[in-house]
Amino acid sequence: MELHYHRTGSGPTLIILHGLFGTWENWGAQIKMLSDQFDIVAADLRNHGSSPHSDAVDYRSMAGDVIELMDRLEIEHAFILGHSMGGKVAMQLAIDHPSRVDKLIVADIAPVTYPPHHNAVFQGLLNVDLNTIKSRTNADQQLAEHVDSAGVRAFLLKNLQRDAQGRFAWKMNLESLHREYDHIAAAPSEGQYTGPVLFIKGGDSDYLLPEHAEAIKTRFPNASYKVIEGTGHWLHAEKPGAFTRLVERFLAHQA
């Protein structure tokens, strides 16, 4: 699958992968701060942003998409950074293709299967009647029946666009993401990556917990761990400076 991507900067290549319902644009702060040190490739994963849609929503396929992108861009190996769902894609890529990964950074997600976190979000998105809404305000009002947070709604509504006929449509493949959500909640496929890995946790987030330590060490025996206090699951957006400094230090260190 030919992923859409944004590329900028110079230096060693850093590939950046967004989370569920996101796009490469979620990483704007990191791209701005890191592009003077790294050749940054920020991709839209399948079924997201401007990348193609597919019925398959599993981590091995998504990791394969990124490898295909690396091959297309003639990138032999790179640093890989992923948040949430993108972190699981990054983990799968490192497990399946360890020679292509110099270092791995995983933001606020563990290599485990999670209980459903997004039921209300999916209900809210499915509740938006694309045939009748006249504005983004209408969509926000309908989404608010299931999603209380104005910030979360604003993030989700970045996926709303007008088609060639001027009608509203979702950029993401909402149908496949909803139908195949069990695959998104699942752990990466079995295997181990022995290269250097940094897990970064949002201090107030419940996605990366002490009980996940064994799974992390089993799959990633050379993992280290940092916490950004005062942040939730969207740690890279809430404290972009602190997050980016951790990334810089980890990638600069000669492991």
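All you need for this note's numbering is the position in the sequence shown, starting with 1, plus 1207.
By construction, the Cβ of each residue, glycine as well, lies at the ideal position given by its N, Cα and C atoms.
Quick caveat: nothing in here was measured; it's all calculated off a predicted structure.
- Around the beta carbon of S1257, a 10 Å sphere encloses fewer than 16 other beta carbons of the protein chains shown; the residue is thus reported as exposed.
- Residue pairing by DSSP puts G1216 in a beta bridge opposite D1246.
- For A1449, DSSP assigns no beta-bridge partner whatsoever.
- Residues of the same chain with a CB within less than 6 Å of the CB of F1457, apart from the 5 flanking positions on each side, are L1405 in chain order.
- One thing to note: D1265 has its Cβ within 7 Å of the Cβ of H1390.
- The bridge partners DSSP lists for G1409 are I1435.
- Rounded to the nearest whole angstrom, the CA to CA distance from R1279 to R1253 is 16 Å.
- F1457 sits in a helix when the DSSP states are folded into three classes.
- The beta carbon of K1433 sits closer than 6 Å to those of I1407, L1453, all from its chain and outside the five residues before and after it, given in chain order.
- The beta-carbon distance between G1402 and V1308, rounded to whole angstroms, is 6 Å. This is short enough to meet the 8 Å contact definition.
- Around the beta carbon of Q1237, 16 or more other beta carbons lie within 10 angstroms, which makes this residue buried.
- In the DSSP assignment, R1369 is bridged to F1375.
- For L1280, there is no enclosing alpha helix (DSSP H), as DSSP marks it with neither H nor E.
- Here R1360 is buried: its Cβ has 16 or more other Cβ atoms, across all protein chains shown, within 10 Å.
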